[in-house]
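Chemist: Below you'll find the structure I mean.
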Amino acid sequence: MPKGNKPSHVTVVPKKNEHPDKLIRRFMRKFKKSGVLDELRDRRYYEKPSVKRRKARQQRERVLKKLQEASNSK
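Everything in the sequence shown is counted per numbering that gives the first Met the number 0, starting at 0 for the first residue and increasing by one.
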């Protein structure tokens with residue numbers, strides 16, 4: 000995730016004889032993995048720190064519940 004003073008640009012160098020569609024797909028994959036769009040969506044509206052913590056806690060609980068259910072079903 001881009002934070003602080005780190006650059007947030009994504010570059011893709013075309014390979015020899017690479018089809019433009021494949022280049023675009025590689026760029027989109029790299030762009031999504033970088034998390035630039037996710038951070039943009041997060042920063043779109045101000046969110047109080049308490050709300051951020053509550054959302055993070057709820058997400059952790061959902062993940063743990065899912066993992067626990069998966070381990071119990073085996």
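Just so it is clear, CB atoms sit at the ideal spot from N, CA and C, and this is done for glycine as well.
Which residue's Cα is closest to the Cα of V35: V9, V50, Y44, S70?
Modeler: If we check each option's Cα against that of V35, V9 comes out closest.
Chemist: Under a three-way DSSP split, which group does P19 fall into?
Modeler: In the structure shown, P19 falls within a helical segment according to DSSP collapsed to helix, strand and coil.
Chemist: Look at the Cβ atom of F26, then the Cβ atom of V11, and state whether they are nearer than 7 Å.
Modeler: yes
Chemist: R43 by DSSP, collapsed to three states: which one?
Modeler: coil
Chemist: Output the distance between the C-alpha atoms of Y44 and K54, rounded to the nearest integer angstrom.
Modeler: 15 Å
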